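Note that the protein sequences, when read in sequence, are chains W and A. According to my numbering, the first sequence holds residues 1 to 158 in order. According to my numbering, the second sequence holds residues 159 to 316 in order. Positions of the beta carbon are idealized from the N, C-alpha and C atoms, including for glycine. This structure is a prediction, so every number in the text was calculated from the model and none was measured. What follows is a short report on a single structure.
Protein chains: 2
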Amino acid sequence: EEIVVRGAALKRDLARVVLRGVPNKMGVAAQVFARIAKHNIMVDDIIQNVYREHNIANIGFTTNASEAMEAQAVCDDLARELGIESVELDEKVAKVSVVGIGMKTHSGVAAKMFNALAEAKVNIENISTSEIVISCIVRLDDAEKALQTIHDVFELDK
Amino acid sequence: EEIVVRGAALKRDLARVVLRGVPNKMGVAAQVFARIAKHNIMVDDIIQNVYREHNIANIGFTTNASEAMEAQAVCDDLARELGIESVELDEKVAKVSVVGIGMKTHSGVAAKMFNALAEAKVNIENISTSEIVISCIVRLDDAEKALQTIHDVFELDK
Ligand SMILES: C[C@@H](O)[C@H](N)C(=O)O
Ligand SMILES: C[C@@H](O)[C@H](N)C(=O)O
């Protein structure tokens, strides 16, 4: 299957909120995002990993840096109401993405992207993928460097 | 912004591998997926959450259930070589997705999807999103129920 990387994208000035120790019970994620939607907080990406052994999950999401404080406040209330262990906020992150077609078997493209970031001395904090996009959350300070190295490695026009 | 949900999709017979306690050092994700690519293991989605306080990350990825044992073996080797705490394998999961356009502000659509799953008594194990897709990993046993409730709630044609 021909993998064609078409372009790269960068979203600067994002904040990441992580809800740690979320009870792994039906309906909890629905309550969290219904509340966030009620407050009209922009959600860029959502990443949840489950920890079945301890019956908890970690839910991370990105929002505009300008909405970080409000997002944290909403999540602090949710944490008290739903028994979520803690809420972490990181206000200085960015998302760099590779966009392509036929990326169903991600590992080849992913490995190339992750390697490009490693060579450029960029640490990868979060990863999320879909069939046509691979995204990495990095420090805001690394945003330009991250985009540049991806353009170089995948030989994309500016 | 008009949010238009266009359809739903289901991928059955997936397995999930989770690498826990991955050193949060540059180049580690590149090594993991370069090795997986070398073994030609199909990777459907990748989800990584970072735990900055402890300087570790958890990396989860889904693959075909038929490749589960090989994926686990490859990851067990990586765990020894890279100092990854543990490798968890879950062989009976499925991915249900909502596909739309203009989903940039996910929280409204996400809340509706998560609520539909909660009403149908489906537990959400993983979540990953991009601008046009929201995906949830659920137990394989819940796959049909999950797809049905999403069709109903978003009024999608079969
Ligand atoms: C955990 C892993 O993603 C690491 N932070 C890296 O950049 O490779
Ligand atoms: C953690 C949260 O996603 C929970 N498992 C739910 O289904 O809502």
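Quick one: which chain W residues come within Cβ less than 7 Å of residue i?
| i | result |
| --- | --- |
| A:ASN216 | ASN49 |
| A:ALA276 | MET26, GLY27, ALA30 |
Would residue i pass as an interface residue toward chain W - the criterion being a Cβ-Cβ separation below 7 Å?
| i | result |
| --- | --- |
| A:ASN213 | no |
| A:GLY266 | yes |
| A:ASP203 | yes |
| A:ALA269 | yes |
Counting only beta-carbon separations shorter than 7 Å, does residue i have a partner in chain A?
| i | result |
| --- | --- |
| W:ASN126 | yes |
| W:ILE150 | no |
| W:VAL5 | no |
| W:PHE154 | no |
| W:ALA15 | no |
| W:ALA37 | yes |
Residue i by DSSP, collapsed to three states: which one?
| i | result |
| --- | --- |
| A:ALA278 | coil |
| W:ASP13 | strand |
| W:PHE154 | coil |
| W:GLY108 | helix |
| W:VAL22 | strand |
| A:VAL296 | strand |
| W:VAL32 | helix |
| A:VAL162 | strand |
| W:ASN40 | coil |
Which residues in chain A have a C-beta closer than 7 Å to the C-beta of residue i? List them in chain order.
| i | result |
| --- | --- |
| W:GLY83 | Within chain A, no residue comes near W:GLY83; the closest Cβ sits about 16 Å away, beyond 7 Å. |
Taking C-beta pairs closer than 8 Å, name the residues in chain W that residue i reaches, listed in chain order.
| i | result |
| --- | --- |
| A:LYS279 | MET26 |
What residues from chain A crowd round residue i, counting only those whose CB sits closer than 8 Å?
| i | result |
| --- | --- |
| W:ASN115 | GLY185, ALA188, ALA192 |
| W:ILE101 | In chain order: nothing, as chain A lies at least about 13 Å away. |
Using a C-beta to C-beta distance shorter than 9 Å, which residues of chain W count as neighbours of residue i?
| i | result |
| --- | --- |
| A:SER288 | ASP45, SER97, SER128, THR129, SER130, GLU131, ILE132, VAL133, SER135 |
Within the continuous beta strand (DSSP E) that includes residue i, where are the two ends?
| i | result |
| --- | --- |
| A:ASP248 | 244-259 |
| W:ALA57 | 56-64 |
| W:VAL50 | 46-51 |
Which residue marks the beginning of the alpha helix (DSSP H) containing residue i, and which one marks its end?
| i | result |
| --- | --- |
| A:GLU289 | That residue, A:GLU289, is in no alpha helix (DSSP H); it is neither H nor E in DSSP. |
| A:GLU283 | Taken as a continuous stretch (DSSP letters only), A:GLU283 belongs to no alpha helix (DSSP H), as it is neither H nor E. |
| A:GLU228 | 226-240 |
Cβ of residue i within 6 Å of any heavy atom in ligand 4?
| i | result |
| --- | --- |
| W:ASN115 | Ligands displayed in this structure: ligand 1 and ligand 2; ligand 4 is not among them. |
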